[in-house]
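J.: Numbering (full-length UniProt numbering), first residue to last: 1 to 135. Before I ask anything, here is the structure I am working with.
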């Protein structure tokens, strides 16, 4: 289970909408399975089929999480034209251990779909998302 404050999930969906038709990406920090922060990243690939986070932004986000006593819980990105499930490339590039991968699908832009997964050694497991009020 992954607990995400409604405001943070809404902000990720808004970022996906604003970035359309390109993929957007970012990180979320928190403790245990409760997200408490979001770090939007620049998709340096500027692609609608894949993403690459800016390394300097990633480093700054991880540093900020550590300073706040958080750990990286989520890597997120959008799928502008495909369902909210990991692509073969997403599975192949899921190398960060112990994080969830959140994917926002904009196949139907009026009703975005967000789903989370744990990906390890090529195995994909769905993770329940529970929305919560902010702390």
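We treat Cβ as the ideally placed atom computed from N, Cα and C, and that holds for glycine.
Run the CB neighbour count on residue 72, radius 10 Å, all protein chains shown included, and call it buried at 16 or more, exposed below.
T.: In the chain shown, residue 72 corresponds to position 72, counting from 1. So residue 72 ends up on the buried side.
J.: Find out if the Cβ-Cβ distance for the pair residue 105, residue 113 is shorter than 8 Å.
T.: Taking the chain shown and counting its residues from 1, one reaches residue 105 at position 105. Taking the chain shown and counting its residues from 1, one reaches residue 113 at position 113. In contact: residue 105 and residue 113 (Cβ atoms closer than 8 Å).
J.: Three or more C-beta pairs closer than 8 Å, one from the stretch 37-51 and one from the stretch 5-22: is that the case here?
T.: Contact between the stretch 37-51 and the stretch 5-22 is present, because at least three Cβ pairs lie under 8 Å.
J.: Nearest to residue 88 by CA position, among 41, 120, 4 and 128, is which residue?
T.: Counted from its first residue, the chain shown places residue 88 at position 88. For residue 88, the nearest C-alpha among the options comes from 120.
J.: Report, in whole angstroms, the separation of the C-beta atoms of residue 129 and residue 27, which I expect to be a contact under 8 Å.
T.: Along the chain shown, read from residue 1 onward, the residue named residue 129 stands at position 129. Along the chain shown, read from residue 1 onward, the residue named residue 27 stands at position 27. 16 Å between Cβ atoms; not a contact.
J.: I'd like to know whether the C-beta atoms of residue 54 and residue 41 end up nearer to each other than 8 Å.
T.: Your numbering for residue 54 matches position 54 in the chain shown. Your numbering for residue 41 matches position 41 in the chain shown. Yes, the pair counts as a contact, with Cβ atoms nearer than the cut-off.
J.: Just to confirm the assignment: which complete beta strand (DSSP E) runs, minimum length 3, are found wholly within the stretch 89-121?
T.: Here the runs fully enclosed are 100-105 and 113-120.
J.: Taking all protein chains shown into account, do 16 or more other C-beta atoms lie within 10 angstroms of the C-beta of residue 126, making it buried, or fewer, making it exposed?
T.: Within the chain shown, the letter at position 126 stands for residue 126. Exposed, by the Cβ-count rule.
J.: Pick out the complete alpha helix (DSSP H) segments inside the stretch 17-49, 4 residues or longer, and give them in chain order.
T.: As far as the stretch 17-49 is concerned, it has no whole alpha helix (DSSP H) run of at least 4 residues.
J.: What does DSSP give as the partner residues of residue 2 in its beta bridges?
T.: Here residue 2 corresponds to residue number 2 of the chain shown, with the count starting at 1. In the DSSP output, where bridge partners are listed per residue, residue 2 has 129.
J.: Counting C-beta neighbours from all protein chains within 10 Å, is the total for residue 102 16 or more, i.e. buried, or is it exposed?
T.: Start at 1 with the first residue of the chain shown, and residue 102 comes out as number 102. Classification of residue 102: buried, given that the 10 Å Cβ count is 16 or more.
J.: Name the DSSP beta bridge partners of residue 75, please?
T.: Residue mapping note: residue 75 aligns to position 75 of the chain shown, counting from 1. Paired residues: 27 and 101.
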